[in-house]
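With full-length UniProt numbering, the residue at position 148 of the sequence shown is 148, and numbering never jumps.
By construction, the Cβ of each residue, glycine as well, lies at the ideal position given by its N, Cα and C atoms.
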Amino acid sequence: MIGNFLDQFWSLTFGGLSLGFIYILIALGYTMVYGVLRMINFANSEIFMVGTFATIIIIRDVFQFTQTSEYATGFRLWLILGTALISAMLVSGILSMLVEMVAYRRLRRMNSGVLAPLISAIGVSMVLSESVRILTDSRPVASPRAMEKKFLGQFFDAGIRIDNTIIVISALILFGILVTFVNKTRMGKAIRAVSMNPNAARLMGINIDGVVSATFLVGGLMTGAAGFFYTLKYENTSAFIGFELGIAAFTAAILGGIGNIKGAFYGGLALGLLETY
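Right, dumping it as structure tokens:
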């Protein structure tokens, strides 16, 4: 009986870890923007949704995979996964920068307070979700399975699936790159300076608009990666998936202390495990 409990516990844990890292990456999109602007980018959930569709388009239309195609292996498999990941990140990152220019920049320059940009971001979010809903006729869209979801090994008789392993390892690498970028690079230090005191940063010659755009770009890149990992794990998406996971990831960001990168990590991980258990 104890053995069965442990098997189920570890099986749920591995699944919860991969879901938690998806939440972490989306939560980073909220956290990065809030850390600099002290505003919530509610369009971040739809940026995630666009990332899932970008992943499917690459796998289905660029690499010509269908539901009946044979699994890719070797170099071709990693080429497909790498291309889909980079594409989802770039599409979401660029879209996030556009959201900043459309929904935030002019209002920020006018010192319009918090409410106006918030309403503007919600409006952009609605436009994105409704556009995709119309294009997909409100139906879920399945992703062709390019990779066989085989087990790499066992832990207490609980199978360790390859997709969960890829998600956890890749997300850890991305998180490490983000932390290094924020703490070690010139742009990262500029982001931290603007976050602490934007007026002092401006007097020091820091380009505030450039820093804000870079912040949205980085947050969008992380959110786009989450879109790829979600599609890899669940193999479907819809126009409504952004709202569903966006709320959960926003909760994770709040749980860990929004504006805190490490807090987003711990909050997303905790929420993923709790939801799975």
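{"Query": "Beta-ladder partner(s) of S161, from DSSP", "Result": "Reading off the sequence shown, one finds Arg at residue 161, where the question assumed Ser. DSSP output for R161 lists F151 as bridge partner(s)."}
{"Query": "Spatially closest choice to I258 from V50, S138, D163, G29, by CA coordinates", "Result": "G29"}
{"Query": "Continuous alpha helix (DSSP H) stretch holding F228: start and end", "Result": "208 to 234"}
{"Query": "6 Å Cβ shell around G153 - same chain, five flanking residues per side excluded", "Result": "I160"}
{"Query": "Any 3 or more C-beta pairs closer than 8 Å across the stretch 141 to 152 and the stretch 67 to 81", "Result": "yes"}
{"Query": "Own chain residues within Cβ distance below 6 Å of I167, not counting five before or after", "Result": "S18, F21, F229"}
{"Query": "Residue from W10, M32, M39 with nearest C-alpha to F265", "Result": "M32"}
{"Query": "DSSP state of A142 mapped onto helix, strand, coil", "Result": "strand"}
{"Query": "Buried versus exposed, by CB contacts within 10 Å (16 or more), I173", "Result": "exposed"}
{"Query": "Residue of G15, Y277, S11, E244 minimising C-alpha distance to M49", "Result": "E244"}
{"Query": "Member of N260, F250, I261 whose CA lies at the smallest distance from the CA of G272", "Result": "F250"}
{"Query": "The stretch 33 to 44 / the stretch 109 to 125 touching (three or more Cβ pairs under 8 Å)", "Result": "yes"}
{"Query": "Ranges of the alpha helix (DSSP H) found wholly within the stretch 22 to 95, counting only runs of at least 4", "Result": "44 to 57"}
{"Query": "Stretch pair the stretch 188 to 198 + the stretch 211 to 223: three plus CB contacts closer than 8 Å", "Result": "yes"}
{"Query": "T185, DSSP secondary structure in three states", "Result": "coil"}
{"Query": "Spatial distance of A171 from L25 (CA atoms)", "Result": "7 Å"}
{"Query": "C-alpha distance - L217 paired with F181, whole-angstrom precision", "Result": "13 Å"}
{"Query": "Boundaries (first-last residue) of the alpha helix (DSSP H) holding A264", "Result": "261 to 276"}
{"Query": "Option in A142, G263, N199, A252 with minimal Cα separation from V179", "Result": "G263"}
{"Query": "DSSP bridge partner residues for T251 (one or two, in chain order)", "Result": "T251 pairs with nothing; no bridge assigned."}
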